[in-house]
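Chains as they are written, first to last, in the working numbering: chain C, 579 to 937; chain S, 579 to 937. Beta carbons: idealized from backbone N, C-alpha and C, even for Gly. Have a look at the structure below before the remarks.
Number of protein chains: 2
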Amino acid sequence: MNKSRTSIISVAREAGVSLQTVSNVLNFPERVKPETAKKVLKAIDKLNYTPNLSARRLRSRKSSSIAVRVDSNAPIGKGSDGLYSGYIQDEFVYELVRASEMRGIKVFTYTCELGENEVEKLSKLMDSGDVDGFILTSTVEADPRLKYLLDRNVPFLSFGRPWGSSTEFANSYPWIDVDGASGTRDATKMFWELGHRRIGFLGWKTNNSHPTTPKSVAHDRLLGWSHAYSQLTGVKTKNSNRVMCELGDETIASARASTARLLARHPDLEALVCTSDTLALGAQMELAHLKKSIPVSGFDNSPTSKVFNFSSLDQNISEVASLALKVLMGEEGNSIRKISSPKQISEPNLIIPPRLVVR
Amino acid sequence: MNKSRTSIISVAREAGVSLQTVSNVLNFPERVKPETAKKVLKAIDKLNYTPNLSARRLRSRKSSSIAVRVDSNAPIGKGSDGLYSGYIQDEFVYELVRASEMRGIKVFTYTCELGENEVEKLSKLMDSGDVDGFILTSTVEADPRLKYLLDRNVPFLSFGRPWGSSTEFANSYPWIDVDGASGTRDATKMFWELGHRRIGFLGWKTNNSHPTTPKSVAHDRLLGWSHAYSQLTGVKTKNSNRVMCELGDETIASARASTARLLARHPDLEALVCTSDTLALGAQMELAHLKKSIPVSGFDNSPTSKVFNFSSLDQNISEVASLALKVLMGEEGNSIRKISSPKQISEPNLIIPPRLVVR
DNA sequence: CTGAAAGCGCTTACAG
DNA sequence: CTGAAAGCGCTTACAG
Numbered sequence: 579m580n581k582s583r584t585s586i587i588s589v590a591r592e593a594g595v596s597l598q599t600v601s602n603v604l605n606f607p608e609r610v611k612p613e614t615a616k617k618v619l620k621a622i623d624k625l626n627y628t629p630n631l632s633a634r635r636l637r638s639r640k641s642s643s644i645a646v647r648v649d650s651n652a653p654i655g656k657g658s659d660g661l662y663s664g665y666i667q668d669e670f671v672y673e674l675v676r677a678s679e680m681r682g683i684k685v686f687t688y689t690c691e692l693g694e695n696e697v698e699k700l701s702k703l704m705d706s707g708d709v710d711g712f713i714l715t716s717t718v719e720a721d722p723r724l725k726y727l728l729d730r731n732v733p734f735l736s737f738g739r740p741w742g743s744s745t746e747f748a749n750s751y752p753w754i755d756v757d758g759a760s761g762t763r764d765a766t767k768m769f770w771e772l773g774h775r776r777i778g779f780l781g782w783k784t785n786n787s788h789p790t791t792p793k794s795v796a797h798d799r800l801l802g803w804s805h806a807y808s809q810l811t812g813v814k815t816k817n818s819n820r821v822m823c824e825l826g827d828e829t830i831a832s833a834r835a836s837t838a839r840l841l842a843r844h845p846d847l848e849a850l851v852c853t854s855d856t857l858a859l860g861a862q863m864e865l866a867h868l869k870k871s872i873p874v875s876g877f878d879n880s881p882t883s884k885v886f887n888f889s890s891l892d893q894n895i896s897e898v899a900s901l902a903l904k905v906l907m908g909e910e911g912n913s914i915r916k917i918s919s920p921k922q923i924s925e926p927n928l929i930i931p932p933r934l935v936v937r
Numbered sequence: 579m580n581k582s583r584t585s586i587i588s589v590a591r592e593a594g595v596s597l598q599t600v601s602n603v604l605n606f607p608e609r610v611k612p613e614t615a616k617k618v619l620k621a622i623d624k625l626n627y628t629p630n631l632s633a634r635r636l637r638s639r640k641s642s643s644i645a646v647r648v649d650s651n652a653p654i655g656k657g658s659d660g661l662y663s664g665y666i667q668d669e670f671v672y673e674l675v676r677a678s679e680m681r682g683i684k685v686f687t688y689t690c691e692l693g694e695n696e697v698e699k700l701s702k703l704m705d706s707g708d709v710d711g712f713i714l715t716s717t718v719e720a721d722p723r724l725k726y727l728l729d730r731n732v733p734f735l736s737f738g739r740p741w742g743s744s745t746e747f748a749n750s751y752p753w754i755d756v757d758g759a760s761g762t763r764d765a766t767k768m769f770w771e772l773g774h775r776r777i778g779f780l781g782w783k784t785n786n787s788h789p790t791t792p793k794s795v796a797h798d799r800l801l802g803w804s805h806a807y808s809q810l811t812g813v814k815t816k817n818s819n820r821v822m823c824e825l826g827d828e829t830i831a832s833a834r835a836s837t838a839r840l841l842a843r844h845p846d847l848e849a850l851v852c853t854s855d856t857l858a859l860g861a862q863m864e865l866a867h868l869k870k871s872i873p874v875s876g877f878d879n880s881p882t883s884k885v886f887n888f889s890s891l892d893q894n895i896s897e898v899a900s901l902a903l904k905v906l907m908g909e910e911g912n913s914i915r916k917i918s919s920p921k922q923i924s925e926p927n928l929i930i931p932p933r934l935v936v937r
């Protein structure tokens, strides 16, 4: 275990240079003459030297670390509104850790159970010097985390846009999100191009009465189908679409009931765009039960969609994760930059279209 | 942002004591007179002081942190043998982080894609002083991680016992696991007590020809049903059980085919114990297709089992996680202890029986 | 039980 | 481009 004794001093001695030169090779290679650097790197390799990151963090006053919350999938209806499946959440954490490794930063995880004060946890993580910023998921309107982070000018990014406009933070913080409308639009067009003409929609309940700007994930995905279908059929009346659409809960049972109702009204239905893989599975089951064979599409491209072989929309979580870090850290490098003026965020770039996977 | 300037010095000044006393209050409260401690705590509270953990780690030479790998669920057949579902893996990470918070330690996450050298990553994490130990999942025979960790005397624990006996590490490292046999036994007994007499089994393929000691997760769960059913029926011949059993892959399609074959041979089947929730779902679907109504049970108590309303076996991941830390850190405290003699591990305590959830 | 000093291993000014 | 000094904020010996 003499490795733990290998410090920058031994490397400097081995290479015949000063401590500072070794430090420069590690942190500012461009400041060091190539041949000197080579000597140092050789010594590092020979001694199998790894910098002590606590010392580095203490002195440099930056942790090169971020924190992300991990949630349990055990309770049904987790997260802000129970709409995001655990699959996406867990993939996001994985891709975030992966992207962070490529950027040379570390990811701390923390949890927050019902009733716990998450702001206090964020605050401790910051004040202890362990993290330089946060990645938020499942934000809600007037989220106390947003207020805390904005007030203290703590760098962060939210995966998920601010829905609703009543919140004071509506467009004042950095976020990245997946373009739900673009996804259901693509699915609708795909079915149309395959020759299907009666294309229905299965979605989640939403309280909004069809304004043009989406007010929730549920509404966003509904609008994608609605607009695309109106455009394709040339029928502009909202109601004509509405009757080909059923909204319910994120459960198999709800999806089956919705599908049954939809087919009762429209026995000539030819395809079904669904807001989630769960709903698509429910629809597929009900269709099988009714001996009908029409294609369905889901959302998330989860293992479920692969196993049950229906088309789905891949959220490109890997790209979302690396873009998240780009917002936090800039084009490259491994420093989390202070966000002094959130208004600089170029929002149009932060809505990622999902990728249609046809099956 | 003057909070970042709040150091132990300001606290000491505020409380009118020396630095060391403040440090003692934080780390060894028993060494400090109660009234002194009270003064100090008051000052800490007033100044909203949070210790700088990098400084603490640097000086004390311990990180009070562990690392765990996070995996993607995107590829089908992930992990060592594709048997553990992503659900359990992700729940385990969540529960581990949760348990760690209660112990006052932090959890770093890292990833490892195919072809990457995981040992190198472990080594960097240790040598940088960022972690004191590891939690391993999905270990395989002759796992290079085991060799590295054992050789270097790095504290670690594996979630998952060492299957197979050919490995040189077979019983020489600390692990914790779920008792698969106990689970399928309980499910079998439950069906028996409900009055069912012809209880079949759906499992994963296994290469082992029924020795008495289980050689894999697949085999372990098979034996649980097999032994319990023999005992209940009084029939000791292995073959009589064997014919009520079908083994295949962890897919819906395989489960449906197995179920169809089983029912063809045994039209009088009354219940079906399955090795996983996926298999149970497949069985349930095939049974519905054949208009049969017999109960099935699965394994993991995943959301799938809840949604499709069949009995399942909860792996008690929360308990597994806190026991994992107990192995690493002892009964209480927040220090990861060096494992000098692995033989001390009391293995019988490390197999956790799953909890049968009847639906 | 409490205090003054040393030092963990780096990086950051500051000189040359 | 390189070097000698200072110091990040703690905890750990070591005295009293």
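Considering only C-alpha positions, which residue in the set S:Q893, S:R637, S:R933 and S:R647 is nearest to C:V685?
Nearest Cα to C:V685 within the set S:Q893, S:R637, S:R933 and S:R647: S:R647.
According to DSSP, which residues form a beta bridge with S:C690?
According to DSSP, S:C690 bridges with nothing at all.
Kindly indicate if chain C contains any beta-carbon less than 8 angstroms away from that of S:A652.
For S:A652, the answer is yes, since a Cβ of chain C falls inside 8 angstroms of its Cβ.
Can you check DSSP and say which residues form a bridge with C:A849?
Answer is C:I777, bridged to C:A849.
So which residues of chain C does S:T628 contact, with C-beta pairs closer than 7 angstroms?
Within 7 angstroms Cβ-Cβ: K702, D705 and S706.
Segment contact, 8 angstroms Cβ cut-off, at least three pairs: the region 588 to 599 of chain C with the region 622 to 642 of chain C
Contact check between the region 588 to 599 of chain C and the region 622 to 642 of chain C: three or more CB pairs, one atom from each, fall below 8 angstroms, which counts as touching.
Cα separation between C:D827 and C:G664?
The alpha-carbon atoms of C:D827 and C:G664 are separated by roughly 16 angstroms.
Please give the ranges of any beta strand (DSSP E) in the region 619 to 674 of chain S, keeping only runs that are unbroken, at least 3 residues long and fully inside the region.
Within the region 619 to 674 of chain S, the runs of beta strand (DSSP E) that reach at least 3 residues and sit entirely inside it are, in chain order, 643 to 647.
Straight-line CA distance for C:G657 to C:A765?
Residue placement at C:G657 cannot be trusted, given a pLDDT of 34 that sits under 50; the coordinates are not used to answer.
Shortest alpha-carbon distance to C:G860 belongs to which of C:S832, C:A899, C:Q893 and C:A652?
Minimum Cα distance to C:G860 is reached at C:S832.
So, under 8 angstroms CB-CB, C:I895 and C:E679 are touching, yes? Tell me the CB distance rounded to an integer number of Å.
Not confirmed; about 16 angstroms, so no contact.
Note down, in chain order, all residues in the region 671 to 690 of chain S with a beta-carbon under 8 angstroms from any beta-carbon belonging to chain C.
So the list reads V671, Y672, E673, V675, R676, E679, K684, V685, F686, T687, Y688 and T689, given in the order they occur along the chain.
Using only the alpha-carbon positions, how far apart do S:L810 and C:K767 sit?
Those two C-alpha atoms are separated by around 58 angstroms.
Nearest chain S C-beta to C:A590 closer than 8 angstroms, yes or no?
Not an interface residue.
Suppose the cutoff is 6 angstroms on Cβ atoms and the five residues either side in sequence are ignored; what does the same chain contact list for S:L901 look like?
Setting aside the 5 residues that flank it on each side, S:L901 is surrounded in the same chain by I754, each with a C-beta closer than 6 angstroms to its C-beta; the list follows chain order.
Would you say C:P932 reaches chain S, if we count a Cβ-Cβ gap shorter than 8 angstroms as a contact?
No, because no Cβ of chain S sits closer than 8 angstroms to the Cβ of C:P932.
Going by beta-carbon coordinates alone, are C:R933 and C:D878 separated by less than 8 angstroms?
No, they are not a contact pair.
Over what stretch of residues does the alpha helix (DSSP H) that includes S:V795 continue unbroken?
V795 to T811 is the extent of the alpha helix (DSSP H) around S:V795.
Given this structure, state the Cα-to-Cα distance separating C:G711 from C:V697, to the nearest angstrom.
Each residue's Cα considered, the two are about 13 angstroms apart.
Which residues in chain C have a C-beta closer than 9 angstroms to the C-beta of S:I929? List them in chain order.
The premise fails here: S:I929 is roughly 22 angstroms from chain C at the closest Cβ pair, so nothing lies under 9 angstroms.
Tell me which same chain residues have a C-beta within less than 6 angstroms of the C-beta of C:A593, skipping the five on either side of it?
Setting aside the 5 residues that flank it on each side, C:A593 is surrounded in the same chain by K617, V618 and A621, each with a C-beta closer than 6 angstroms to its C-beta; the list follows chain order.
Cβ of C:V709 within 8 angstroms of Cβ of C:A645?
Yes, these two residues count as a Cβ contact at 8 angstroms.
Would you please verify whether the beta carbon of C:T717 is less than 8 angstroms from any beta carbon of chain S?
Chain S places no beta carbon closer than 8 angstroms to that of C:T717, leaving this residue out of the contacts.
I'd like to know whether the C-beta of S:P733 is nearer than 8 angstroms to at least one C-beta of chain C.
Contact with chain C is absent for S:P733, since none of that chain's Cβ atoms lies less than 8 angstroms from the residue's Cβ.
The region 817 to 848 of chain C: which residues have C-beta closer than 7 angstroms to a C-beta of chain S, in chain order?
The region 817 to 848 of chain C vs chain S, Cβ under 7 angstroms: T829 and I830.
Same chain, Cβ closer than 6 angstroms to S:S744, five either side skipped, listed in chain order:
Note that S:S744 scores 49 on pLDDT, short of 50, meaning its location in the model is unreliable and no value can be drawn from it.
Whose CA, out of S:T853, S:R635 and S:S638, lies closest to the CA of S:F543?
In the structure as shown, chain S begins at 579 and stops at 937. Residue 543 of chain S is therefore absent and cannot be evaluated.
Does chain S have any CB closer than 8 angstroms to the CB of C:Y665?
When Cβ-Cβ separations below 8 angstroms define contact, C:Y665 makes contact with chain S.
If distances are taken between C-alpha atoms only, which option among S:R937, S:M822, S:Y688 and S:R834 comes closest to S:L772?
The residue with the shortest Cα to Cα distance from S:L772 is S:R937.
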